[in-house]
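In what follows, a single structure is set out as structure tokens and then discussed.
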Amino acid sequence: MQTRRRLLQSSASGFGYLAFAALAHRQAAIGNESSTDSTAPKETHFQPRAKRVILLCMEGGPSHLDTFDHKPQLAADNGKPAPRNQGGGRAGTLLGSPFEFKQRGESGLWISELFGNVADHADKLCVLNGMHTNLPSHAQAFLQMHCGIFQFPRPSLGA
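Just so you know, we're using my numbering here: the sequence shown kicks off at 317 and counts up by one.
Below you can see the structure in the form of structure tokens.
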């Protein structure tokens, strides 16, 4: 049986499928004690209150490395030659963020000095730092995230 995570990784679907899968399978999957899958849905600690999700995908916005994605190792390696990329292209120089990061709120969310006022509301934010792709090109990865395939843009479920 294919897991929901594996299906999302391998199929040509977008964020609309996430909502569909959650609605269609939530009750059926919860409480299945016989499941050995550690990623299987479990009963939540609290009753969900979110009614909507807003996906902000802003090309040309500030880099995640300068806002909410603190990379201490990248800061330590700033100026060093980058390892060869998977595409076989020229390796450049590593560039860490020039901005200072601090852990804010009770949650300890890393926020850069660029968002001093936003940092006051750190415990009200949900920052997802879970994007991963094996594609070397940002443009291809962007297409794959939205359409499920990087070679040619196609509409996805929920488009």
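Don't be surprised by glycine CBs; every beta carbon is placed ideally from N, CA and C.
CA-CA distance, G464 and H448?
Sequence index remark: in the sequence shown, residue 464 carries index 148 (1-based). Sequence index remark: in the sequence shown, residue 448 carries index 132 (1-based). Going by the C-alpha atoms only, they are around 13 Å apart.
If we ignore side chains and look at the alpha-carbon of each, how far apart do F431 and L390 end up?
Position 115 of the sequence shown, counted from the start, is the residue given in the question as residue 431. Position 74 of the sequence shown, counted from the start, is the residue given in the question as residue 390. Here the alpha carbon of F431 sits roughly 20 Å from the alpha carbon of L390.
Any alpha helix (DSSP H) of 4 or more consecutive residues that is wholly inside the region 410-438
Taken in chain order, the complete alpha helix (DSSP H) segments of 4 or more residues contained in the region 410-438 are 432-435.
Bridge partners for P397 per DSSP, in chain order?
Within the sequence shown, numbered from 1, the residue matching residue 397 stands at position 81. Beta-bridge pairing links P397 to T409.
Exposed or buried, what is I427 when buried is set at 16 or more other beta-carbons lying within 10 Å of its beta-carbon?
As a position in the sequence shown, residue 427 is number 111, starting the count at 1. Buried, because 16 or more other Cβ atoms sit within 10 Å of the Cβ of I427.
With A457 as the anchor, note down where its alpha helix (DSSP H) starts and where it stops.
By one-based count along the sequence shown, residue 457 stands at place 141. Looking at the DSSP string, the run of the alpha helix (DSSP H) that includes A457 is H454 to C463.
Please name the residue in L444, N445 and G424 whose C-alpha comes closest to that of D436.
Reading the sequence shown from its first residue, position 120 is the one you call residue 436. For the options L444, N445 and G424, the alpha carbon positioned closest to that of D436 is the one of G424.
In whole angstroms, give me the CA-to-CA distance for F417 and H361.
Locating residue 417 in the sequence shown gives position 101, counting from the first residue. Locating residue 361 in the sequence shown gives position 45, counting from the first residue. Cα-Cα distance, rounded: 30 Å.
Taking the straight line between their C-alpha atoms, what separation do you get for G395 and H380?
In the sequence shown, residue 395 corresponds to position 79, counting from 1. In the sequence shown, residue 380 corresponds to position 64, counting from 1. Roughly 19 Å between the two C-alpha positions.
Pick helix, strand or coil for K440, following the three-state DSSP scheme.
Within the sequence shown, the letter at position 124 stands for residue 440. Of the three classes helix, strand and coil, the one that applies to K440 here is helix, per DSSP.
Output yes or no for whether 8 Å exceeds the beta carbon distance between G408 and A392.
Here residue 408 is taken as the residue at index 92 of the sequence shown, counted from 1. Here residue 392 is taken as the residue at index 76 of the sequence shown, counted from 1. In this structure, A392 does not lie closer than 8 Å to G408 by Cβ.
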